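Participant:
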Amino acid sequence: MVDERSPSGAGGAEQRDAFVIARAADPIDPTPAGGPAPGPERAPSRPPGARRAARSSRVPARRRPSGGARARRRATAAEATAATEASGASQARGRSTAGMVGLTVLGGLVPGTGYLAAGRRRLGALVLLVWLAAVISVGVYFGRDVGTALDVAFSPSAVRSLVVGLVLALLVWVAVVVTSHRSVRPGLRTRAQTAIGYGTVLAVVVAGGAPVYLGAERLLAQADLVETVLPENSVSATTPEVTEEDPWAGQDRVNVLLLGGDGGEGRTGVRTDSIILASIDTSSGKTVMFSLPRNLMYAQFPDGTPLHEIYPEGYNTGLGGGFDMINAIYKQVPEQYPGLLGRSDNEGADAIKLAVSGSLGVPVDYYILVNLEGFKTVVDAMGGITVNINQRVAIGGNTDAGIPPDDWLEPGPDQKLNGFKALWFARGRYGADDYQRMDRQRCAIDALIEAADPINLLRRYVDLAKAGEKVLYTDIPRKIASDFVELLLRVKNAKIRSVVFKNSANFFPGDPDYDYMRAVVDKALYPPKKKGGGREQEASAENPIDVCAYNPAETVYASD
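In the working numbering, the protein residues as written are 1 to 560.
(1) Return the chain-ordered list of same chain residues with a C-beta closer than 6 angstroms to the C-beta of residue 216, the five sequence neighbours on each side being excluded.
(2) For a test of the three-state rule: what should DSSP assign to residue 248, helix, strand or coil?
(3) Excluding sequence positions up to five away, which residues of its chain have a Cβ less than 6 angstroms from the Cβ of residue 461?
(4) Could you check the C-alpha separation between residue 439 and residue 271 for me, to the nearest Å?
(5) Quick one: measure Cβ to Cβ for residue 451 and residue 517, integer angstroms, because I've assumed they're closer than 8 angstroms.
(6) DSSP three-state call for residue 179: helix, strand or coil?
(7) State buried or exposed for residue 529, treating a residue as buried only when at least 16 other CB atoms are found within 10 Å of its CB.
(8) If I measure Cβ to Cβ from residue 344 and keep anything under 7 angstroms in the same chain, skipping five residues before and after, which residues do I get?
(9) Would DSSP call residue 224 helix, strand or coil?
(10) Quick check on residue 278: does DSSP put it in helix, strand or coil?
(11) Between which residues of its own chain and residue 395 is the CB-CB distance below 7 angstroms, once the five residues before and five after are set aside?
(12) Under DSSP, the alpha helix (DSSP H) around residue 360 begins and ends at which residues?
(13) The alpha helix (DSSP H) spanning residue 108 covers which residue range?
(14) Could you tell me which uninterrupted alpha helix (DSSP H) segments, each at least 4 residues in length, are contained entirely in the region 464–549, listed from first to last along the chain?
(15) Look at the alpha carbon of residue 397 and the alpha carbon of residue 432, and state the distance between them as a whole number of angstroms.
(16) Could you tell me which of 281, 285, 327 sits nearest to residue 294, measuring between CA atoms?
(17) When DSSP builds the beta bridges, which residues end up paired with residue 290?
(18) Quick check on residue 233: buried or exposed, where buried means 16 or more other Cβ atoms within 10 Å of its Cβ?
(19) Out of 276, 109, 307, which one is the CA nearest neighbour of residue 207?
(20) When the Cα atoms are used, what is the spatial distance from residue 190 to residue 118?
(21) With a threshold of 16 other CB atoms inside 10 Å of the CB of residue 359, please say whether the residue is buried or exposed.
(22) Would you mind sorting residue 526 into buried or exposed? The rule is 16 or more other CB atoms within 10 Å of its CB.
(23) On the DSSP bridge list, what partners appear for residue 394?
(24) In whole angstroms, what separates the C-alpha of residue 154 from that of residue 479?
(25) In three-state terms, what does DSSP make of residue 260?
(26) Check this for me: beta carbons of residue 180 and residue 115, under 7 angstroms apart or not?
(27) If you reduce the DSSP assignment to three classes, tell me which class residue 366 lands in.
(28) Using DSSP's beta-bridge definition, name the partner residues of residue 270.
(29) Quick one: is residue 561 buried, meaning 16 or more other Cβ sit within 10 Å of its Cβ, or exposed?
(30) For residue 456, count neighbouring C-beta atoms within 10 Å of its own C-beta (all shown protein chains included) and say buried if the count is 16 or more, exposed if not.
(31) Using a Cβ-Cβ cutoff of less than 6 angstroms, which residues in the same chain neighbour residue 89 once the five nearest sequence positions on both sides are dropped?
(32) Please state if the CB of residue 469 and the CB of residue 225 are separated by a distance shorter than 7 angstroms.
(33) Between residue 291 and residue 498, which are expected to be in contact by the criterion C-beta below 8 angstroms, what is the C-beta distance as a whole number of angstroms?
(34) What's the C-alpha gap between residue 144 and residue 252?
(35) CB-CB under 6 angstroms to residue 212, same chain, minus the five flanking residues each way: which ones, in chain order?
(36) Closer than 6 angstroms by C-beta to residue 289: which residues in its own chain qualify, once you throw out the five before and the five after it? Chain order, please.
Here's what the structure looks like:
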């Protein structure tokens, strides 16, 4: 018996195929083709995923972030930041031109404030904190004492590294100024507002960059000056053994020989027509200057030195005349006895240091030579010097040859002299003797010290450094140069006394009494104590009337 509902045979195969096709075509209805229709009380079944698809089409509900309370706080902070930035952007769109300009300038003066005003709080706070940390660190490092800044100033590598740091800091600052302006400018702006905005940025960058440029220029000039004047590996046969910890080698005084030479660059052919020994108290800066005449004969050399063995009775070449004067030693000793004093970068300077040391009975530690022809360049770089002129000083002229001066420096108080006139004030000879010239040279040195105020030096430093490279020579070691500058700052504010050795009954430069000279020097440096424990009143020989004042009384010299 055949069941009519069961497909069989050919007809059954056709019904089975139709059933499969119907199932595939209508996934919603699971009833097989030809089967009973679903009743009204039963909903049709859904395919897998249909319920999730329906839910995904609804408006999403606010989901709590996973990860606990910390994640929720982060999400809340992010939403607040976004809202704040949106608010800042809204404020920027409505900002006035004056507000834009003011915030751009403020962002340049105090980096980070522009970002804060634009609502970019994190970036603004970061930039502001970095800027404050940098300013405080630099202030603390260089503000500890003057020596720290001087140590950097006399290290060419440190100076050049500082310049690189300044340039990098400037570039970062410019980027901050530009981006701060873009954050605070109006979103909708006119062409005029755009021009005003970029003009403000340019003005801020120029105003802030100019001091950095000027500072870098002076720092590089300082590095070049140190490398030129203070070679790191300089060699001298007469300088004391010093360290950075003990720059004065345990001495209470440091003695520096100040020389004015008439030679040019290269130091050959120099005759030292100005010879002054400055003895400086390393604690107080009090200074005594001893002026020696250029025609001092038969200079003495300390016992045990090679020059003393050659000239046991004093410097006497046998050639007579100017060859035996002290101002000839700088040039002649290296020519006659090269290498006699040992390894030295400047044998002439070492020779005259020994001559002054033996003649005055005190050690000479260092020398500073200024080419007198280049002296005018230094004075011009300083902006001139101010001196009192008590009698006419010739410009040019030759007394022996009967050649009259080209011009005169007339007497008067507080005469402002440029480099050319200052040079003739210091070296003018016509109608004057060597002692008058010595007085004027000391006055010129005093005037230079007076003109060397920090503001003037900073303002003219590039010109001064370039001039110094050409006319200044010394054997002061670089490692104690900063100590010397600190000492000179004390000298500027301390008492300076002068002792001048002048022709008289007690002193004759053609045949000097060196025992007398040494006694004068010793008494000037170490006055005898009073019975009450103080010092005796300084003798007039050690504290002469100020010849640099206007209309002074007659000068009292060491020989009177």
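A virtual CB, placed ideally from N, CA and C, is assigned to each residue, including glycine.
This one's a predicted model, so the numbers in the text were calculated from it and none came from an experiment.
Facilitator: Per the coordinate set shown:
(1) 163, 166
(2) coil
(3) 218
(4) 19 angstroms
(5) Not quite, the Cβ-Cβ distance comes to about 32 angstroms (not below 8 angstroms), so this is no contact.
(6) helix
(7) It counts as exposed.
(8) The residues are 235, 236, 237, 350.
(9) helix
(10) strand
(11) 405, 406, 407, 408, 409, 424, 428
(12) Note, residue 360: alpha helix (DSSP H), 347–360.
(13) 97–109
(14) 481–492, 514–525
(15) 11 angstroms
(16) 327
(17) 277, 499
(18) exposed
(19) 109
(20) 20 angstroms
(21) buried
(22) exposed
(23) 408
(24) 8 angstroms
(25) strand
(26) Going by C-beta atoms, residue 180 is nearer than 7 angstroms to residue 115.
(27) strand
(28) Answer by DSSP bridge pairing: none, since residue 270 is not bridged.
(29) Residue 561 lies beyond the stretch modelled for the chain, which goes from 1 to 560, so this question has no answer here.
(30) exposed
(31) The predicted position of residue 89 is uncertain, since its pLDDT is 49 and thus under 50; a value taken from the coordinates is nonetheless stated next. The answer is none, since no qualifying residue turns up.
(32) Yes. Within cutoff.
(33) 7 angstroms
(34) 25 angstroms
(35) 166, 170
(36) 276, 278, 498
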